Amino acid sequence: MTSTNIPKAFPLNLPEGDAELLLDELQTRLREGRRLFAEVGQILAEIESRGVRDLYGYNSIAVFYEHAARVPRAEARKVTGRALALNARRARDGTSINPIAPLTGTAAGTGALAEAGIDRIVTVMKRLPEHVTANARLEAEKGLVELAGVARPRDVTVAGTELLARLDPDGNPKEDPSPKLQRSEFWLRQKRTGRWDMRGNLDPETGAA
1 MTSTNIPKAF PLNLPEGDAE LLLDELQTRL REGRRLFAEV GQILAEIESR GVRDLYGYNS
61 IAVFYEHAAR VPRAEARKVT GRALALNARR ARDGTSINPI APLTGTAAGT GALAEAGIDR
121 IVTVMKRLPE HVTANARLEA EKGLVELAGV ARPRDVTVAG TELLARLDPD GNPKEDPSPK
181 LQRSEFWLRQ KRTGRWDMRG NLDPETGAA
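So this is what it looks like as structure tokens:
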């Protein structure tokens, strides 16, 4: 996981007006920063495998990272969730847990992908239905990874939406689409004045009787 490809320290003695060289230096450091942060995710996945409670006494990997990195809880959850989605790990009984987006994890390790693009790929991979074959999943992820390396995050979102529409055209309905039968009910309550208050919810046949 350790890299020996360390870029030169800034400031650099760049020629005045050399915009291309300046942009290249920026891209180099962005890529290196992403690569190093991917290694952070690999370390977090290994800590989760060994047991964060046993190692450091924390109840969850997110709480551990919140304190170790001194970041807000929401950011800690996002970072650790991404780490576990991209990297293989082991359960406490020793069984392997495969990553949700293995190809994305590999590409992230090279520094080629921005975090926003990674998160959008992971979202799509989580939403793929179970009937999608392993080969189809890999092909779908491969296309999204290639796109995320050159396009904006919203372009990945659009491509992911189209992918889900093709692989899961029926979507994932939350409720049973069949109509539910409603039971006829009738309430009768006497008021203090002695008058009766009647209310109900009746089907057409009962109401017409």
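Numbering (the UniProt record's numbering), first residue to last: 1 to 209.
Don't be surprised by glycine CBs; every beta carbon is placed ideally from N, CA and C.
As the structure is a prediction and not an experimental result, all values here were calculated from the model.
No residue range can be given for V71, since it is assigned to no alpha helix (DSSP H) and is classified by DSSP as neither H nor E.
If you compare the alpha carbons of I97, T110, E25 with that of L36, the shortest gap goes to T110. When C-alpha distances from A165 are compared across V150, E146, A140, the shortest belongs to A140. With 16 or more other Cβ atoms inside 10 Å of its own Cβ, L113 counts as buried. Burial state of L55 is exposed, judged by a 10 Å Cβ sphere holding fewer than 16 other Cβ atoms. Secondary structure note for I43: its alpha helix (DSSP H) is the uninterrupted segment 19-50.
Contact between V156 and R127 fails: their C-beta atoms lie close to 14 Å from each other, not under 8 Å. The C-beta of E48 has 16 or more other C-beta atoms within 10 Å across all chains shown, which makes the residue buried. Rounded to the nearest whole angstrom, the C-alpha separation of A91 and A45 is 11 Å.
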